[in-house]
Amino acid sequence: MLKTQKTKMAKTFAAVAIISTSLFAGGISAQAAGGSTEKPAVQEWGFKGPFGTYDRPAMQRGYQVYKESCSSCHALEHLSFRHLGDKGGPFYDANFPNPNDNPVIKAFAKDWEVSDIDQDSGDPIDRPGIPADGFPDIFPNAIAAAASNGGAVPPDLSLIVPARTGGADYVYALLTGYDEVPHDFHLSEGMNYNTYFEGNQLAMARPLFDDAVEYADGTKATTEQMARDVVEFLSWAGDPKMEVRKKVGFATFLFLFIFALLLFMTYKEVWRNVDH
Amino acid sequence: MSGPSTYEPKYAAERWLDKRLPIVRMSVDFMGFPSPRNLNYWYAFGGILTLCLMAQIITGIILAMHYTPHVDLAFDSVQRIRRDVPFGWLLQPMHAVGASMFFLAVYIHMFRGMFYGSYKNPRELLWIIGCLIYLAMMATGFLGYTLPWGQMSFWGATVITGFFGAIPVVGESLQQWLLGGYSVGNPTLQRFFSLHYLLPFVIAALVGLHIWAVHHVGQNNPIGIEPKSKSDTLPFHPFYTMKDAFAIAVFLMIFALFVFYLPDALGHADNYQRADPMKTPPHIVPEWYFLPFYAILRAVPDKLLGIILMFAAIAVLFILPWLDTSKVRSMRFRPVTKWFFIIFLVMGFILGWCGARSPDDIAIPIGDGGMTFKWLSRIATLYYFAYFFPILPVMGWIEKTKPLPESITKAVLSGDA
C-alpha cells in the first residue's frame, strides 16, 4: 500500500518535473507545430585552431554589449572583475600585471553595486564594486529569476559557450536567429520564435538590435557585429586559459617530438645486435 | 619467472646493504625479468597503463586539495580550479582527459590479451586480476564523473544508481543505502568523493598483484608459445624499458593533443551546466568508455533484464579462460576464430555507437524506414555474447589451427614473429 503510494507520488513528481521542464525550455514538439530547428552555421573564429587567439578589440566591444544588453538578466557567475584584466583577458594592460591595480578594471567594478556587510555596524549594505569582487548575481535566487522572466531562469553566461552543443557557433546563431513566426506555427504566449532554439520557442525576447550600443572604436553596431563581439567575449569567459593552454601545448609537443626521437634512437641502439 | 638471483654486489656499501635489506637485489632482479624477444608495440600498454594510473593519482591528489565535495560548492570549485588555481587549467583537463586515456589504453591492453590468448593457462589468474582492475576502474571513472556536479554528473549518477533499485526485494533499500537518501544528493556526493579517492589505491594494489603474477608466469607473446631457451628471451631492462619508453612518448602525444587542443572533445556540453534535480537533460549519455555497456542495457525492453545483461557482459570476461577451449593461444594461428574476433571488435564499436544515439533513431536507412539503433544494438549484443558462447568453445574443438613455430628464436629468425 505504502509502496504503491510512493511510486505514484514519484510518478506524479516526475511528470510535473518533465512538464515544467519542457515548458521552461519551450520544448513543445516542433514537428507537431510546424517549425523546425536548424543547425547553426559554422563560423570563422580567430580563437579556433591550434594557434588561435581571442580578438582583444572584439572582446572589449563584447563586454560592452554584455554590460548594456545582457547584464540586466544574465549573470557571469564564474567571473570576477579582476579576470577582465588578467593576462589574456579583454582589458589586460602590461603596465598593471596585477589586474587589481588596473584603472580600467577599477572603473568597471565601480559601475556595479555589490552586497557586503558594513565593517562597523555589521548591517548588510550595497557598495560600489572593487576588482577583487565577483560579478554580482542579478537575481537573489532562481525562483526570483524565474518569476521575473516568465518562468525561465536566464542561464549564467560565463559558461554559456562550452555548455552548449555547437559552442560559439550556436550562441551566435541563436542571437541572430530571431525570425517571423511561420503561419502554421503555434507560438505559446510570452514566447519568441527562434530558428536555432530546440523546439523554436524561446522565452528570451530578441536581445540585440542594430545600433543598440554605441561602440567607442567607431565599429558599426549591427546586430551581427554585436552578436559576434559578445560571443567573442563569452568564449573567453568560458575558457579564459585557452591561449596559455595552446602555447604550453605547442611547447609540450616540441619537447615530446624531440624526446620521442631520442628515445627511438636509444631503443634502436639498444636492440642493434638483437634480431627481432 | 622467478629464478635464482643473478645480482652480485660490487662495492662494500652495496654488500653492506644487501646483507641487511636486499632492496637493490630485488630491483635488479625485477628489472632483469626475462621477456620474450618478439614482443611488439601492443605489449607497451602495460607500461602506458602504469603511467596513466600514476598520472591520475598525482593530478587527483592535487585537485582534491582545491575541490569541495558539496552540492552547492562542487561545480564552482571546479571552475575555480580551472580559472584561478595556479596550473589548475592544466591539472583539471589532465585528470579528466586522463580518465579517457586510461580507458583507451586499458581497452587496447585487453583486446591485445584476447587476440594473443594471454588469458590461457597458466595466466588465468593474471587475466582475472586484470578484469578486477578494469571493474575497479569503471567504478572509479563513474564516481569521478559525478564530482564536477554538472548536469550529466548528476543524471548519470541517478541513472546508474537506479540500476540497484531494479533488483527485486532489496533493490529499493539498497539504492537508498548507497545514495544516503531517497535521491542523489549531498550525502551521495560526499561518499562518492571518498570512494573515488579510495579506489585508485585499491587499483594500485591490484596492479601490484597483476605485475607480480606476470613476473611469475612470464609474459605471453604474439606467437603464444612459451620461451624454451635463453635465446628466446631478453632482459626487460634495457630492451623493453627503452621500447616502452618510446611507446609512452608517442602515447603522451595523443594525450597532449586532447589536453591542450581538444579538452572538451571527449566530454559533454551539458556537464558545463550546474546539476539541476528539477531539469532532466533530453539525452542522458554516459562517458564514451561506458557506451557499449549502455547500449547492451538499453537493448532489451525489460529494465532488470537489461541490467543483468550489462553485468553479464562484464562477468563473462572473468570466465573467458575456460570458455576458450583451444590449445593454441595466438589468433595468428587460428585462421577462422581470428575473423570471429575481428567481428567481435567491430561489434564493440557498433555497440558504442548505439550507446551514444537514441534507440529509436534510424541507424541504417532502408527505403523510408530502416534499422533503428535499438535493433542494431540487439544484433551486436547477441554477437557479443555469442562470441564467448558458443563461438569460442566450439571453435576450440573444431578449428584446424596452423602449425606453431618450434621456438620464439626460430620464428624471429625466419621473420614470422
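Those protein sequence lines, which keep their order, are chains B and Y.
As numbered in this note's numbering, residues 20 to 295 make up the first sequence, in order.
As numbered in this note's numbering, residues 890 to 1306 make up the second sequence, in order.
Cβ atoms here follow ideal geometry from the backbone N, Cα and C, with glycine treated the same way.
Source: prediction; values computed, not measured.
Sequence-distant residues of its chain with Cβ nearer than 6 Å to residue i (five each side left out)
{"i": "Y:Pro893", "result": "none"}
{"i": "B:Thr72", "result": "Glu262"}
{"i": "B:Leu282", "result": "none"}
{"i": "B:Gln24", "result": "The pLDDT assigned to B:Gln24 is 45, lower than 50, so where the model puts this residue is not dependable; a value taken from the coordinates is nonetheless given after this. Excluding sequence neighbours, B:Gln24 sits near nothing in its chain."}
{"i": "Y:Phe1081", "result": "Leu1032, Thr1035"}
{"i": "Y:Asp1159", "result": "Gln1040, Met1041, Pro1170"}
{"i": "Y:Asp1250", "result": "Phe1262"}
{"i": "Y:Phe1140", "result": "Ile937"}
{"i": "Y:Ala1269", "result": "Met1236, Ile1239, Leu1240"}
{"i": "B:Ser41", "result": "For B:Ser41, the predicted model reports a pLDDT of 40, less than 50, meaning its position is unreliable; a value from the coordinates is still stated below. The answer is none, since no qualifying residue turns up."}
{"i": "Y:Phe1144", "result": "Met990"}
{"i": "Y:Phe1233", "result": "Tyr1276"}
{"i": "Y:Thr1298", "result": "Ser1120, Asp1121"}
Boundaries (first-last residue) of the alpha helix (DSSP H) holding residue i
{"i": "Y:Pro1124", "result": "Element bounds for Y:Pro1124: not the alpha helix (DSSP H) but the beta strand (DSSP E), 1122–1124."}
{"i": "Y:Ile1112", "result": "Taken as a continuous stretch (DSSP letters only), Y:Ile1112 belongs to no alpha helix (DSSP H), as it is neither H nor E."}
{"i": "B:Cys92", "result": "Counting along the chain, B:Cys92 falls outside any alpha helix (DSSP H), and DSSP gives it neither H nor E."}
{"i": "B:Ala182", "result": "Neither: B:Ala182 is in no alpha helix (DSSP H) and is coded neither H nor E."}
{"i": "Y:Asn1075", "result": "1075–1106"}
{"i": "B:Met223", "result": "Here B:Met223 belongs to no alpha helix (DSSP H), and DSSP marks it neither H nor E."}
{"i": "B:Gly81", "result": "75–84"}
{"i": "Y:Lys1216", "result": "Per DSSP, Y:Lys1216 belongs to no alpha helix (DSSP H) and is neither H nor E."}
{"i": "Y:Ala933", "result": "Unbroken run through Y:Ala933: none, as it is neither H nor E."}
{"i": "Y:Trp1066", "result": "1060–1068"}
{"i": "B:Glu243", "result": "242–257"}
{"i": "B:Lys125", "result": "122–129"}
{"i": "B:Glu262", "result": "261–289"}
{"i": "Y:Trp1242", "result": "1226–1245"}
Boundaries of the beta strand (DSSP E) in which residue i is found, first to last residue
{"i": "B:Val133", "result": "132–136"}
{"i": "Y:Pro923", "result": "923–925"}
{"i": "B:Asp145", "result": "143–147"}
{"i": "Y:Met1260", "result": "1258–1261"}
{"i": "B:Ala327", "result": "This structure leaves residue 327 of chain B out entirely; chain B is present only between 20 and 295."}
{"i": "Y:Ile1253", "result": "1251–1255"}
Contacts around residue i, its chain only, beta-carbon distance under 7 Å, and the 5 residues preceding and following it disregarded
{"i": "Y:Val995", "result": "Leu938, Tyr1023, Met1026"}
{"i": "Y:Arg1267", "result": "Ala1188"}
{"i": "B:Ala151", "result": "Ser99, Arg101, Asn119"}
{"i": "Y:Phe1222", "result": "Thr1290, Lys1291, Leu1293"}
Beta-carbon contacts of residue i that lie in its chain and below 8 Å, excluding the five residues immediately before and after
{"i": "B:Ser48", "result": "Because the pLDDT at B:Ser48 is just 36, under 50, the model does not fix this residue reliably, and the value given afterwards should be weighed accordingly. Cβ neighbours of B:Ser48 beyond the five flanking positions: Gly218."}
{"i": "Y:Ala963", "result": "Tyr956, Thr957, Leu1036, Pro1037, Trp1038, Leu1078"}
{"i": "B:Thr26", "result": "In this prediction, B:Thr26 has a pLDDT of 46, which is less than 50 and means its spatial position is unreliable; what the coordinates show is noted afterwards. Here the set comprises nothing."}
{"i": "B:Asp198", "result": "Tyr212, Asn213, Thr214"}
{"i": "B:Glu288", "result": "none"}
{"i": "B:Met56", "result": "Looking at the sequence provided, one finds Thr at residue 56 of chain B rather than Met. Once the five neighbours on either side are set aside, the close Cβ partners of B:Thr56 are Ala49, Thr214, Tyr215, Phe216, Glu217, Gly218, Asn219."}
8 Å contact criterion, which residue i and residue j should meet: CB distance rounded
{"i": "B:Leu227", "j": "B:Leu194", "result": "6 Å"}
{"i": "B:Pro59", "j": "B:Tyr212", "result": "B:Pro59 to B:Tyr212, Cβ: 16 Å. No contact."}
{"i": "Y:Glu903", "j": "Y:Val913", "result": "6 Å"}
{"i": "Y:Phe1147", "j": "Y:Leu1155", "result": "7 Å"}
{"i": "B:Val232", "j": "B:Glu87", "result": "5 Å"}
{"i": "B:Asp229", "j": "B:Thr241", "result": "5 Å"}
{"i": "B:Gly257", "j": "B:Leu178", "result": "5 Å"}
{"i": "Y:Leu1212", "j": "Y:Phe1277", "result": "5 Å"}
{"i": "Y:Gly1054", "j": "Y:Gly1045", "result": "At roughly 15 Å, the Cβ-Cβ gap does not stay under 8 Å, so Y:Gly1054 and Y:Gly1045 are not in contact."}
- Please name the residues in the stretch 1124–1151 of chain Y whose beta-carbon is closer than 7 Å to at least one beta-carbon of chain B, in chain order. Pro1127, Phe1128, Met1131, Lys1132, Ala1134, Phe1135, Ala1138, Val1139, Leu1141, Met1142, Ala1145, Phe1149, Tyr1150
- Quick one, which residues of the stretch 252–264 of chain B are near chain Y if we go by CB-CB under 8 Å, in chain order? Gly257, Pro259, Lys260, Val263, Arg264
- With contact counted as at least three CB pairs below 8 Å, one residue from each stretch, are the stretch 1004–1021 of chain Y and the stretch 1089–1100 of chain Y in contact? yes
- Query: With a cut-off of 8 Å, do at least 3 Cβ pairs link the stretch 1113–1126 of chain Y to the stretch 971–986 of chain Y?
  - Reply: no
- Item | Residues from the stretch 178–203 of chain B in contact with chain Y, defined by Cβ distance under 7 Å | Leu178, Pro181, Ala182, Arg183, Thr184
- Query: Using a Cβ cut-off of 7 Å, which residues of the stretch 1162–1174 of chain Y contact any Cβ in chain B, in chain order?
  - Reply: Gln1162, Met1167, Lys1168, Thr1169
- Kindly confirm or deny that the stretch 91–98 of chain B and the stretch 106–120 of chain B touch, where touching means at least three C-beta pairs closer than 8 Å. no
- Query: Using a Cβ cut-off of 7 Å, which residues of the stretch 1043–1073 of chain Y contact any Cβ in chain B, in chain order?
  - Reply: none
- Task: Would you be able to state if there are at least three C-beta pairs under 8 Å between the stretch 161–168 of chain B and the stretch 179–189 of chain B?
- Result: no
- Cβ contact check for the stretch 938–954 of chain Y and the stretch 983–993 of chain Y: 3 or more pairs under 8 Å: yes
- Message: Closer than 9 Å between beta carbons: that is the criterion. Which residues of the stretch 965–992 of chain Y meet it against chain B?
- Response: Asp965, Gln968, Arg969, Arg971, Arg972, Asp973, Gly977, Trp978, Leu979, Pro982
- Message: Short of 8 Å Cβ to Cβ, which residues in the stretch 1291–1302 of chain Y face chain B?
- Response: Val1301, Leu1302
- Residues from the stretch 131–164 of chain B in contact with chain Y, defined by Cβ distance under 7 Å: none
- Task: Output, in sequence order along the chain, the residues in the stretch 1226–1259 of chain Y whose CB is closer than 8 Å to any CB in chain B.
- Result: none
- Can you list, in chain order, the residues of the stretch 915–926 of chain Y whose Cβ is nearer than 7 Å to any Cβ on chain B? Arg926
- Can we say the stretch 1204–1222 of chain Y touches the stretch 1000–1007 of chain Y, given the rule of at least three CB pairs closer than 8 Å? yes
- Would you list, in chain order, the members of the stretch 993–1026 of chain Y that have their beta-carbon closer than 7 Å to a beta-carbon of chain B? none
- Members of the stretch 269–291 of chain B that neighbour chain Y once the beta carbon cut-off is set at 7 Å: Thr271, Phe272, Leu275, Phe278, Ala279, Leu282, Phe283, Thr285, Tyr286, Val289, Trp290
- Query: Got a sec: which bits of the stretch 102–132 of chain B sit with their beta carbon under 8 Å from any beta carbon on chain Y, in order along the chain?
  - Reply: His102
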